Structure formats: C-alpha cells, structure tokens
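So the protein sequences, as listed, match chains W and Z. Residue numbers 1004 to 1426, in the numbering used here, belong to the letters of the first sequence in order. Residue numbers 3 to 366, in the numbering used here, belong to the letters of the second sequence in order. Glycine included, C-beta positions come from ideal geometry on N, C-alpha and C. Predicted, not measured: the structure shown is a model, and the values here were computed from it. One structure below.
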Amino acid sequence: MNERLPRECELLIVGAGPAGMAAACAAADHGMSVVVIDDNPAPGGQIWRAGPRVDLPLRAQALRERFERLPGLRLCSATRVIDAPAPGRLLVEREHDAGVIDYHRLLLCTGARERLLPFPGWTLPGVTGAGGLQALIKGGLTVRGERIAIAGSGPLLLACAATVRAQRGRLVALAEQSPWQALAGFTIGLWRWPAKLAQAIALANPRYRAASRLIEALGERRLEAVVIESLGERREIACDRLACGFGLVANTELAQLLGCALDERGILVDQHQATSVAGVYAAGECTGPGGSELALVEGRIAGLAAADQYPLAAALSRRRARWQAFAAQLEQHFALDSSRLPPRRATTLVCRCEEVTLGELEAHSDWRRAKLASRCGMGACQGRVCAAATAQLFGWAPPPPRPPLSPARIDSLLLAGMEEVQE
Amino acid sequence: MIGAGIVGASCAHALALAGLSVRVVDAGLPAATSAGMGHLVSLDGSAAELALCSDSLARWRALAPSLPASGAYHRCGTLWLAENEDDLATADDKRAALAMAGIGSELITPTRLAALEPLLRPGLSGALRVESDAILYAPRVADWLLECVGITLERAQVTALEDQQVRLADGRRLGARVIVLAAGLQAGALLEGLPIEAKKGHLLVTDRYPGRVSHQLVELGYGASAHAGQGTSVAFNLQARPTGQLLIGSTRQFDTLDPRVEPALLARMLERARGYLPALGAINAIRAWTGFRAATPDGLPIIGRHPEREGLWLALGHEGLGVTTAPSTAALIRAGVLGEHPPLDPSPYRFERFRASAPADGQR
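Below, the structure is given as structure tokens:
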C-alpha cells in the first residue's frame, strides 16, 4: 500500500476530486505520465468522498473506476503538499515519509472549502459546516433519530438535508437566508440545466424556509438549541446538531505560493485553464466554486491543454460556458447578504487556535495589525478559518500563505535542501 | 516620531514621560519588530554593544512588572552552547566580558546542561548560562508603550523629511520641534546617505510542545554569524514561547530584498537546529517567515542628533538587537533631546562616526 513516492512525472495533478480525475484521464489518454497527489485517503474529493455510508452517483463511480485503472497514472492518496521548494518541484508529506516530486507541468485541482463564520455558539460541539456534516455521515457517523437543524445559504443546505433524511435524521429546521424571490428566480432559471432542475425537485424539502436568519446556537456543554429568525419572529428550536453553510472559499494557497494571479473568485485562468505562471494550470472549484459538472469539464480541458491537445480542449469550451452560466446563477441568487448573517457579538470566538474574540479584532483596521496584536491566525490552522471569516466580516484582505502549507514535520522540510535525485 | 516599532515606541514613551507631547507616525509596513524573535540578550561583539545591552537589559527588568501579560516577558535565560573545547574557551571569554559589564553568567558542565535541557544532543562540551536574559512579544509591548498619556498615534506614511516638519502621503504636513527617525530600513527612503543595509533572516515556529525546552538556546558560533560582514550564514537559535511553541532561527543574508521564504536555506537552518536538538525532526512546523534587519557597517545602531539637520534625531540601524536595546536607545534620545546627562557614553552610537571618510550629505 505505502509504496515509495514517485520522483518525477510529466504532469503532476494536485487533488483527486472531479476536476483532478477528469484531467488525469484526459492527459493519460494522450500518453502523459501522470502523478496525482491527494490529501484524502481515497479519490473523489469532497463531493464524491468515499466511505461506508456512501452511495456515489453512477457517473462518479464510472469516472473513479476509469481513473483508478489508468495506465501511466500514479495516485498518491493521504499525501499533502507542504511547499514548492524550487520551480518544477513540490515537497509532499505522508504519515510516515516525505519527498520531492519534479514535474514538467502542474495542474491545481485543490477545490474549495466551506466558509465558516463565527456567530454566538458556533464553537459548541454539535455545530459543523453543512459539508462537514455530510462528510461525517459519509465517514460513518450515525444521525438516526437525531434532531438536526441546517442554516445558511446555497444548494449545499438542500444536499445536506437530503443526506440527513436518507440516514433517518430528523430535520427540525432548514433555514435559507436568501429571500423567496431569489430562490424562485434561481429555480425558474434551471430549465436550461434539466438535470439540475430534476435534482432541485428531488431535494425539495417541506422544512425549507427562505429569508431565514440564524441568530445563535445555544447550549451548555454541547449544542441544545438554535435560534432562527423568520418573518421578523425569533424561534428557539431544540436540536442535537446544527449544520451551517455560508458558501465556499476556493483553496488558493498553493497557487499563491507559486505566484499565480487570483481574481475575486479563485485562481485566475485563461481559456486553456492555464494560470498566470507558465506550465501551471488550474481547474475545478479552486478557480471559483461552480459545482461538479463545471469541475469535470474544466478538468478535461486542463488535462488536454497540458497534453498540448488544444483543438480537443477548444471543442469543450461550449460545455464549460454552459456550466459557468449555472455557476453564475448560483452566485447571483445565493450571494451572502451581510444583513442576513448572524448578528455579531464581541465575545464570540473568531480564532479557535489562539482564542481570539470578535471584540479583540474589531478595534483594528487590517488583518496584519489585528494578527500582531491578538495572535489571531497564528495557530496550527494557519488562519484558514479566521482569515476567511474576517474577509467576509470586515473586508480584510487575507494574508498571503507561508510555507509550510500545512503543519509538517521538520524532517520533511529538510528535503527542500535536496539538490539532486537520490536513488 | 517616525516609526512605531519597538525603538520608535520606546523613544515615544520615554519622551512622553518626560512631558513632551509626542505624535507617532507609522505606515504599518512589515518591519523588524513584528518579524523578530523578541530575545533580550547580552551580545558582546564590541564594548559599545555590550554596554548598550547591559544598560538596556536592566531597564527591561525594571519595566517588566508593569508590562501587560500579553507582552509575554519571561526571564528564561540564555544557554550559549559549546560544541567543542574552542567553543568552551569562547564561552569563558564571553563570561569574563559579561562580568566586566556587570552581567552574571556561569559555565555549565555537559552533565548539568543535559539536566537543564534534556532534548539537547549528547556530546556537547558545555554551555554558558546567562540567567538575566529574557524574551518578550515585541509587537504587543510596542503597542503597550504607545498607550501612554501624551502620545498620539497616526497611521500614515511619511513621504518626505523637511526642516522641522514631515510630509505625509496624503499631502498633509506635520511640524515638530524634534523629529526622531526610528523607521528602521524604511528610513533610507527618507534620508540619503544612511549607512544601513538589509540583512534578511528566516524564522520558523512549531506547533505547541509545552515543557520540552526552557531556555533560549544559542550556539556560540552565533556571534560570528551575527557579526559577519558578508555572505549567507546560518546559526542555531531556539526559543520556547510561552504557548509551548518553539521558535527556530537563524539565517543572515545580504543583497536581497525578496521577502519570500527560501526553502533550501530554511532547510539548512533546520538541519543545523536538528543537529543540536535531534527530537526536532519529528516535531510539526506550522509557519516560516522572513524579515529584514537594518544593519550598519560596524553592527552598532545609530543613535543621536543628525549633525546637519536642525531638530532631526536618529534611532535606527539596530540590526537584530532592536528589542534588546530599545530602552537604552530611548534613554539616550531622551537625554539628548532634553539636554540631560546621558545614562551611558553616547559617542560610539553617533552618526558622525561614519562621516569622517564619507563626503558630507544628508543636506538638501
């Protein structure tokens, strides 16, 4: 199982979600030697995460099977990128070893993560992200009979509700902050994507309430209830779990470390999914959240472009445009409205690593000063949670990433000094 | 006061306590105070360096009881590690030099060293222990020093130094009888002919491992690295933060202003650290960063009146010792501005020492 890490390849893909798998297939079909590194124990990314409670869509199963049998592919699961020590080289770490991998071309399929926003009670055990709860359930968590509230914005809430229902959890609230008009506009627009319309109908839920605002989570030792405001009225709803979805944030840290330009959605790419750095491509939600269909087609285009198959890549641009339009619809109708976010309270913790509250941060004018004065973001998570939160709450530009990209053993970092291949 | 780092903040604090009304202008640019280690250490590269350290450490000790808890002042002491008999001889010289300056220290046998810091590799020849050395969290202490009656803090960038006034980026001008330039490396953009140069350094901090290390650990070769005039050098320097995190240094590089972490050099620095503390290999690092020290040709700061510019005072070029020597810098500036008797001989730190052979400049 734990064979040696590869030393080099023509195409190195970071991330084995839909985009990474689609890209690997496209590039390997054209004869490239491909290495895929992925931090999860099995391919699939967040959306097609494998686990004992998983019933993957057929399309995902088919792609995974094809991916895992690709000739010329090396998949390194449970492997994290920790630094880019030299051009054309990444430093990676696994549980028991580390190594450098040299590449001719690099494709970033690093996906997106949930935006977690601080609100009163958000650190109570029982409160998770909506995607986080889905991942826990897929990983084997039993929610049968538990009272579950879901709140925030976006279709992930509905997907989470469907997962909860399938596992016989009791959905006690499903609070969407966008108003009915926005939801209706979104649903009406779905005729252009029939599969999505069918999905929307399948996910429809009688507990779904629009224009609802999460106020706080209550509990002593763990979550006991949530307060939700709807139609001007606040209700306390007893529950065992609260899953929040406040949208996704593109994972751009590695791209930034490599010097790739970003736009407001994620990594900036051209029509070939090429970034601003020569030889480095990006596809999927790290270029901006847009769903698995868009990730798949972007991944294929990137894989083809990396294999210099430009006409084949160009032939897919219409399909990409179609799913980009869908992503734009999502973004438009589920945009976070700060007046509907949970109210701020000075005592609410923002940085869990260093125990910094909102009140301690409010006095500052930017991330750097706030960090220096309060130690916010100096902990092991490297500010991934609190910097995304303060970007949303205060409009502060998040800090540029610093190596190592995730906590790494000092022994592993020593490999960055390695000059030549050691066999 | 131009600059709100530890030196500017200390000077502002001292002048405000003396009754002056002080306005501090700071652009909020990345600076040495926020990048550095916060080690209060007695270095003896020259008599003047040691005199400044010694006077300053006494001032920090006096200030310590008033510092806020977030300032994280902790008298951890320094262990200067000897790898061989030569190092031990260096350690003994250092002990004698520190004793002349009134700083107590003692030579430690290998057995005692192993008992004090069990994670150090076996086979070291001993160490010099300086108990009076300490650490603190400089960004917080600088902010605290500025929270003083008589000080107003202005977040703005100074774009030009004029006669008894400064021009800000937004076009405003602020006038003052006394202007103190304490802007570290940024000072070079405001005043021509300052003999200061950037020396890049790397630091790395680990996750929390409380109780593993208790002293600041420094190799005896550190002094040679710190005082080198050129080239890239690496020296082992490690500090246990009050959080249980380990802060690991150090590197020195000339001729670069690129702030990026250089993985190969970082690896060299960590290799050296692991040579002293083998257990470091399995410890998780969480963040590496770089900073730039403002260094003068002789390694001493520039403290005192500008020889030609009316009302202009300089407090800069502290290299890696800005946090250690900030209180004495402030005391010298205060004495100069108020015409009081200086607490120590100010002549080794005067700007004029660089002017004898250089053509006169700085005047427009």
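Residues of the region 262-286 of chain Z whose Cβ lies closer than 7 angstroms to any Cβ of chain W, in chain order: VAL263, PRO265, ALA266, LEU268, ALA269, ARG270, LEU272, GLU273, ARG276, LEU282, GLY283, ALA284, ILE285 and ASN286. The beta carbon of PRO1123 of chain W sits closer than 6 angstroms to those of GLU1219, ARG1348 and THR1351, all from its chain and outside the five residues before and after it, given in chain order. For PHE1249 of chain W, the enclosing beta strand (DSSP E) stretches over residues 1244-1249. When beta bridges are read from the DSSP output, THR292 of chain Z appears opposite Z:HIS204. TYR1106 of chain W is bridged by DSSP to W:CYS1012.
Residue state for CYS1356 of chain W is assigned as coil, using DSSP reduced to three classes. At a cut-off of 7 angstroms, the C-beta of ASP1340 of chain W has no neighbouring C-beta in chain Z. Per DSSP, the unbroken beta strand (DSSP E) holding ASP1086 of chain W starts and ends at 1083-1089.
Look at ALA136 of chain Z here: in three-state DSSP terms it is strand. Under the DSSP assignment, SER1415 of chain W falls in the alpha helix (DSSP H) whose first and last residues are 1413-1417. Taking 7 angstroms as the CB threshold, ILE1413 of chain W lines the interface with chain Z. Using a CB distance below 7 angstroms, the part of the region 206-230 of chain Z facing chain W consists of ASP209, ordered along the chain. If you check the CB distance, ALA297 of chain Z and GLU194 of chain Z do not come in under 7 angstroms. Boundaries of the alpha helix (DSSP H) around TRP1370 of chain W: 1370-1377. Sequence-distant Cβ neighbours of LEU1206 of chain W in its own chain, meaning closer than 6 angstroms and more than five residues away, are LEU1161 and ALA1165. One alpha carbon belongs to ARG276 of chain Z, the other to ASP1414 of chain W, and they sit about 9 angstroms apart.
Listed in chain order, the alpha helix (DSSP H) elements of length 4 or more contained wholly in the region 1181-1205 of chain W are 1183-1192. If you look at THR154 of chain Z, you'll find it in the beta strand (DSSP E) that goes 153-157.
In this structure, the beta-carbon distance from THR1278 of chain W to GLY1269 of chain W does not fall below 7 angstroms. GLU1301 of chain W is classed as buried because its beta carbon has at least 16 other beta carbons within 10 Å across all chains shown. For TRP62 of chain Z, the enclosing alpha helix (DSSP H) covers residues 49-65. Judged by their CB atoms, ALA287 of chain Z and ALA1411 of chain W are nearer to each other than the 7 angstroms cut-off. Straight-line measurement puts the Cα of TRP1370 of chain W at about 13 angstroms from the Cα of LEU1361 of chain W. Taking a beta-carbon distance threshold of 7 angstroms, ALA1419 of chain W counts as an interface residue toward chain Z. Excluding the 5 residues flanking it on each side, PRO303 of chain Z has same chain C-beta neighbours closer than 7 angstroms at LEU318, GLY319, HIS320, THR327, THR331 and TYR351, in chain order. A straight line joining the alpha-carbon of ASP1311 of chain W with that of THR1113 of chain W spans about 22 angstroms. For LEU1416 of chain W, the nearest CB of chain Z lies under 7 angstroms from its own CB, placing it at the interface with that chain. Between GLY128 of chain Z and ILE105 of chain Z, the CB-CB gap reaches or exceeds 7 angstroms. Beta-bridge analysis with DSSP links ASN239 of chain Z to Z:VAL220 and Z:GLY251. DSSP places ILE198 of chain Z outside both helix and strand once states are collapsed to three, so it counts as coil.
Close to LEU1200 of chain W, with beta-carbon spacing below 9 angstroms, lies no residue of chain Z; the smallest spacing is near 46 angstroms. Close to chain W, meaning a Cβ-Cβ distance shorter than 7 angstroms, are the following residues of the region 123-150 of chain Z: PRO141, ARG142 and ASP145. A direct Cα-Cα distance of roughly 15 angstroms separates ALA1101 of chain W from VAL1038 of chain W. Within the region 1298-1328 of chain W, contact with chain Z at the beta-carbon level (separation under 9 angstroms) is assigned to no residue. Nearest to LEU1364 of chain W by C-alpha distance, out of W:ALA1376, W:ILE1153 and W:PRO1314, is W:ALA1376. Taken in chain order, the members of the region 22-42 of chain Z whose beta-carbon sits within less than 7 angstroms of a beta-carbon on chain W are GLY30 and SER36.
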